[in-house]
Each structure stands twice: as structure tokens, then as C-alpha cells.
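Asks: Following this message is one structure expressed as C-alpha cells.
Protein chains in written order, with this note's numbering: chain A, 1 to 295; chain B, 1001 to 1295.
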């Protein structure tokens, strides 16, 4: 059973420079849910100074509380956690990385400090909401030459032992390639199984679906993606961000795996957002569907 | 040992509506060769009425005769073959398809007739030049619901028995998907081995590299691609055509397979052509390299 985690409203939009109106975002997210996406990361409770695109996150989450899909919010620290307690959400996601340099540049703390934050939040949460752990720069880092597989394995171990119920492995800069993915997943499978492992690929080099295909063959069942390929790569200006949900859904459909998502409705869900951002979708499948139905 | 067959100057440019000056094409092809591409399909001796973009094919081939790379030209019929005899080329490529409807619409003859043409040309060639056979619509056809694998196998058998020394399997409309590719290749391997089989993927659904990855794992060593992703899909206006050579080369490089191509020089080779066509490359790797070196 394949599970798609839609991260466009969070990972996608936080990498778009423009701020979008709260109502526009809320109806985008509702439309994604109507198109059949069951798990959506809707926003993050981060400092509005750090990520101004998310400054309305409380209003947005408030507007969506009663919706029926499985709702997740990203939380960077205890302050964000305290805000999250005001809302009915199903899951909170927390993050760390395999790279010390990336951790300092991205979150201004050491890996140990980020793990302590995760530990404190999980303790405070006391099982109330499901916990998803993000591990970034798994397949490579823009600052450190090479992340040893051993380091990746010990980071995953740490996240599970702290109480994460799912760990999403981020190819943050889109450098993963099939042979590497296979090698890493074989080791991960040996150590932890793959039931609670999600793959979070970026399509920077157009290789995301090749990596998805490899992961699927190894037995992974959870994949993160962003509608219309929203977002980008902060480390390569103008490059693609997360793999597009359209490409992922079409990939599964072609492989005779039903994920319960209607591609036409999915493409329609992001039309308004793309217009406001003044950009075309990076997704080839998005463009095909748009032409097919003259959207 | 991986072999890349660059088909941009033929399959790419025949799907671009604009006619390009012969000298522009010649220097494009020379630059591709200088970037490290060793096998290039430079043009086709088709009727200028059918494909006006190729109306200067004799002049172009004449200009390139003395170049050192392995030169191939596509030939649709005996008339084209007779023209080809005037030139020093290494290989002629001939084509048929698995779909009766596609054959009639595309070449205005039956599959049997197209095979007879191939037979006559191979007899006339009498071993002088190497023969490559193209088999199109292998993984699906825009007109026929489903091409049975049995039909694909018997078509390959026919092409080898007529004397083709290499058979390129065309995913003409870009509908192939990894599971199908694996299934087909396992059967093809059983029947013919894979040494003389080339894969010719189109990136219509962004799945070309996933299919390449699958093919590589099964043991395929020959791949067709088009520099800058030139060309398009006549069956889906505006959609991507052949997988881009940049994406393919980068894929192999990331997988630690040296194909002897310099990515920067490869990207530079198509800059003039893209400018004249007034389009951006569809290839994500092309865009990344362009930004990296500010080309």
C-alpha cells in the first residue's frame, strides 16, 4: 500500500519567494485533499522572520482543522510545539540532518542540539500526535564532501530511538542516484526494515523518478512530493525542488499501482497558485494533463 | 561499456518546425563530437516534402564525411539508400514498427511492406555499411490500444534475421514505465541477449531516466538520446521528445560510469541551436550546467 505525503504547501511554498494569501493556500490544500491526497503537510510553525512565507501558519492551520485529511505540521523547536498544541493536527514533523555544517547553516545549531530539541518535543507530546522525523542531506550535502552511510544509519537509529514513528530520508539537494539509493536502502532495510521509512527526493537532476523506482523495488511504501513541483532548490537557483506529485502519481498509475489520486483534479488544484507565482510547473506530467484537458 | 547514440541532429531536429542553416547544423554536430559523443545519427535521406527540415541532408552529410566520429544516417527507402551510396558513412539505419496503424499513418505502408524495403536495402548494401534497425512503438502506440509482447519479440526476430546488426527499441510516445521495461527486457534477453539491443526512450512523462536505470540493471549497454532534449513529441504538442543526452550522461556519471563526454562542452554545443529555435532545453541537467558555468 503506497502512501504519498504531500509536502507542497510546506516544503514547496517555503521555497517560493512570494507570500500567498491565507485563503488561497487554504483552498489549494482543500483541493489537494479533494483530488485524493490523504496526507498533507500543511505548514510549519517557524519564526516569521526566518520564513516569512509561513507567517500566517496559525491562521492557515486554524482554517483547515476540521478538514478530513491527515494533517501534519513541521515544528522546529519548543516554541513551535507550544503553538501546535492549540490546534487539532494529526502529526508533527521534526527535523535533523546528517551533516554538521548543514545543520549549523540551516538551523544555527549542532546536530546534538537539534536531537535534544526533538527529544524534548517528543517528551512534551507524550504520544498525543504522531511524530515524523525528517533527516536531511542523506545522499549528499552542499557543504560536506560525503556523508558516510554509517552516519546515515546512526542518525536513523537515533530518530527511531527518540520516538519517531516515521523517518523521511531527504535528498535535500537532489544528488541521489539509483545505484546509491539501492545500496543505502539495502543497509537500512537490514537494520530497521522499510515500513517506517519515507523517501523525500528532489528532482534537481531529473533523476527523482529513477530513484523512486529503485526505492519501490527495494520495498519502500512512503514517498514525499510537492504538487506542481512547487518550490525549488535554495542551493541551485532556478533548479527543481521536490519531485512533483503529478509525476509521482502518474508513475504509480503507469506501474499499475492505484494511489487514489485523480490527476486532472490534482493539476487543477495548483492552477491558481502557479498563476499567482507567475510560473509554470516543472512537472512534465502536469504539462501533459494541462494540455490534454485544456486547463 | 556503455554506448550513447546521439540522435538529436536527426530525431531531435526533424521534430522542430524551424529549418536550420546547414552550416549551423554542421558545427553543432562537430561540437557534439568534440564534447565526446562517438556515435551520431547526423541526418536522414528522406523526401524533402515529407520532412523539409532535412532538405539539405546531402549537403550536411557531405560537410561531415571526413569527421572522425561514427556516422549514421536514417534511410526510409531504396531512393534514400541510393543517395547514401554517394557518401562515406559508417552506418545506415532503417525503421519499422510494431503497430500496423502507426506504420500506415507514419510511413504510408504496411509493416510487411516496410520489412520488404528493409530486406531490399540490406541486400543492396551487401555488408558495406553497418545496419541499425529501429523498431518504434515498442511500449505502446498512440493509435492501437496495446502492442502484445509477442508481437515485439517477433518484430525483433525479423529485424535480426534480415541482417540488422543492432536493433533500437523505440518508446515513440514516451509511455514506457520501469515495470514494463523490466518485463519486456527479461523476455528479450532470453530470446536474443542484450548485446545488440539499444533503448530509445522519450521523456514525455519524465520517466525516461527511470526506464534507463531499469534497462541498465537488466544489462542494456546502448542508449539513444538527443542533445539538449531537442525535438518534441508529434503526438503530444509541446511535450518532451527524446531523453536529453545531458540527463543521460549525468545519470551515468553519477552512477560512476564514464562515458567520455564532457557535460560543459555538451551543453555549449547546443546553445546556438536553442537560440535559433527560440527555446530552452527541457533537460534539468542542461539548465543546471548552464547556470553553473554562466553559459
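Each residue gets a CB set at the ideal place from its N, CA and C atoms; glycine is no exception. All figures in this text were calculated on a predicted structure; none of them were measured in a lab.
Does any residue of chain B have a CB that is nearer than 8 Å to the CB of residue 178 of chain A?
Replies: Closer than 8 Å: yes.
Asks: Can you name the start and end residues of the beta strand (DSSP E) that residue 1202 of chain B belongs to?
Replies: Here residue 1202 of chain B belongs to no beta strand (DSSP E), and DSSP marks it neither H nor E.
Asks: Applying the 10 Å Cβ sphere with the 16-neighbour rule, what's the burial state of residue 26 of chain A?
Replies: So residue 26 of chain A ends up on the buried side.
Asks: Kindly list, in the order they appear in chain A, the residues whose Cβ is closer than 8 Å to that of residue 1283 of chain B.
Replies: Neighbours of residue 1283 of chain B on chain A, chain order: 206.
Asks: Going along chain A in order, which residues have a C-beta closer than 7 Å to the C-beta of residue 1058 of chain B?
Replies: By Cβ distance, chain A contributes nothing, its closest Cβ being about 36 Å from residue 1058 of chain B, past 7 Å.
Asks: Below 9 Å on C-beta distance, what does residue 291 of chain A contact in chain B?
Replies: Near residue 291 of chain A (Cβ distances below 9 Å), the residues of chain B are 1236, 1237, 1238 and 1239.
Asks: Can you tell me which of B:1213, B:1221, B:1205 and B:1268 puts its alpha carbon nearest to the alpha carbon of residue 253 of chain A?
Replies: Checking every option, the nearest Cα to that of residue 253 of chain A belongs to B:1205.
Asks: Would you list, in sequence order, the uninterrupted beta strand (DSSP E) runs of no fewer than 3 residues that lie entirely inside the segment 75-153 of chain A?
Replies: DSSP runs (the beta strand (DSSP E)) wholly in the segment 75-153 of chain A: 91-97 and 130-136.
Asks: At a cut of 8 Å, does the segment 188-203 of chain A reach the segment 164-172 of chain A through at least three beta carbon pairs?
Replies: Because the criterion of three Cβ pairs below 8 Å is met, the segment 188-203 of chain A and the segment 164-172 of chain A touch.
Asks: Assign residue 123 of chain A to one of two classes, buried (16 or more other C-beta atoms within 10 Å of its C-beta) or exposed (fewer than that).
Replies: Exposed: under 16 other Cβ atoms inside 10 Å.
Asks: Between the segment 135-150 of chain A and the segment 13-22 of chain A, are three or more C-beta pairs nearer than 8 Å?
Replies: Verdict: no, contact absent.
Asks: Would you mind sorting residue 1293 of chain B into buried or exposed? The rule is 16 or more other CB atoms within 10 Å of its CB.
Replies: Exposed, since its Cβ has fewer than 16 Cβ neighbours within 10 Å.
Asks: Tell me the rounded alpha-carbon separation between residue 260 of chain A and residue 250 of chain A.
Replies: So the two alpha carbons sit approximately 11 Å from each other.
Asks: Quick check: the Cα distance between residue 36 of chain A and residue 1283 of chain B, rounded to an integer number of angstroms?
Replies: Rounded to the nearest angstrom, the two C-alpha atoms are 30 Å apart.
Asks: Counting only runs of 4+ residues fully inside the segment 1169-1243 of chain B, write out the alpha helix (DSSP H) ranges in chain order.
Replies: Runs of the alpha helix (DSSP H) inside the segment 1169-1243 of chain B: 1178-1192 and 1208-1218.
Asks: How many angstroms separate the CA atom of residue 1068 of chain B from the CA atom of residue 175 of chain A?
Replies: When rounded, the distance between both Cα atoms is 35 Å.
Asks: Ordered along the chain, which non-local residues of its own chain (more than five positions away) have a Cβ less than 6 Å from that of residue 1273 of chain B?
Replies: Closer than 6 Å at the Cβ level, and outside the excluded window around residue 1273 of chain B, lie 1028.
Asks: Counting only the same chain and skipping the five closest in sequence on each side, list residues whose C-beta sits under 6 Å from that of residue 164 of chain A.
Replies: Excluding residues within five positions, the ones whose Cβ falls inside 6 Å are 131 and 133.
Asks: Which residue's Cα is closest to the Cα of residue 1075 of chain B: B:1102, B:1038 and B:1117?
Replies: Closest option to residue 1075 of chain B, Cα to Cα, is B:1117.
Asks: Check whether chain A comes within 8 Å of residue 1287 of chain B, counting only Cβ atoms and requiring the distance to be less than that.
Replies: Residue 1287 of chain B counts as touching chain A.
Asks: Find out if the Cβ-Cβ distance for the pair residue 1081 of chain B, residue 1121 of chain B is shorter than 8 Å.
Replies: Contact flag set, yes.
Asks: Less than 8 Å separating the beta-carbons of residue 48 of chain A and residue 19 of chain A?
Replies: It is not a contact, given that the beta carbons lie outside the stated cut-off.
Asks: Is residue 195 of chain A close to chain B? Criterion is C-beta to C-beta, closer than 8 Å.
Replies: False, the Cβ-Cβ gap to chain B never drops below 8 Å.
Asks: DSSP on residue 46 of chain A, reduced to helix/strand/coil?
Replies: Of the three classes helix, strand and coil, the one that applies to residue 46 of chain A here is coil, per DSSP.
Asks: Is there at least one Cβ from chain A nearer than 8 Å to residue 1213 of chain B's Cβ?
Replies: Judged by the 8 Å Cβ criterion, residue 1213 of chain B is in contact with chain A.
Asks: In chain A, which residues lie with their C-beta within 7 Å of the C-beta of residue 1242 of chain B?
Replies: Those do not exist, as residue 1242 of chain B stays about 13 Å from chain A at its closest Cβ, beyond 7 Å.
Asks: Between B:1152, B:1154, B:1193 and B:1215, which has its C-alpha nearest residue 1334 of chain B's C-alpha?
Replies: Any property of residue 1334 of chain B remains undetermined from this structure, which presents chain B solely from 1001 to 1295.
Asks: Just to confirm before moving on: does the CB-CB distance between residue 1238 of chain B and residue 1232 of chain B stay below 8 Å?
Replies: Cβ distance < 8 Å, so residue 1238 of chain B and residue 1232 of chain B count as in contact.
Asks: Below 8 Å on the Cβ atoms is my contact criterion, and I expect residue 202 of chain A with residue 243 of chain A to pass it. Report the Cβ-Cβ distance as a whole number of Å.
Replies: Yes, residue 202 of chain A and residue 243 of chain A are in contact; Cβ-Cβ is about 7 Å, under 8 Å.
Asks: Check whether the Cβ atoms of residue 1097 of chain B and residue 1154 of chain B sit closer than 8 Å, and answer yes or no.
Replies: Cβ atoms of residue 1097 of chain B and residue 1154 of chain B: not closer than 8 Å.
Asks: If the cut is a Cβ gap below 8 Å, which residues of chain A does residue 1162 of chain B touch?
Replies: Within 8 Å Cβ-Cβ: nothing; residue 1162 of chain B doesn't reach chain A, min ~32 Å.
Asks: Run through DSSP, which three-state label would residue 297 of chain A get?
Replies: Nothing in the structure corresponds to residue 297 of chain A, since chain A is present only between 1 and 295.
Asks: Tell me, to the nearest whole angstrom, how far the beta carbon of residue 1033 of chain B is from that of residue 1009 of chain B; I am working on the premise that it is less than 8 Å.
Replies: Residue 1033 of chain B to residue 1009 of chain B, Cβ: 11 Å. No contact.
Asks: Please name the residue in A:108, A:247 and A:240 whose C-alpha comes closest to that of residue 279 of chain A.
Replies: Comparing Cα-Cα distances from residue 279 of chain A to each of A:108, A:247 and A:240, the minimum goes to A:240.
Asks: Please check the pair residue 1111 of chain B and residue 1103 of chain B, which I expect to be a contact at CB under 8 Å, by giving their CB distance rounded to whole angstroms.
Replies: Right, their Cβ atoms sit about 5 Å apart.
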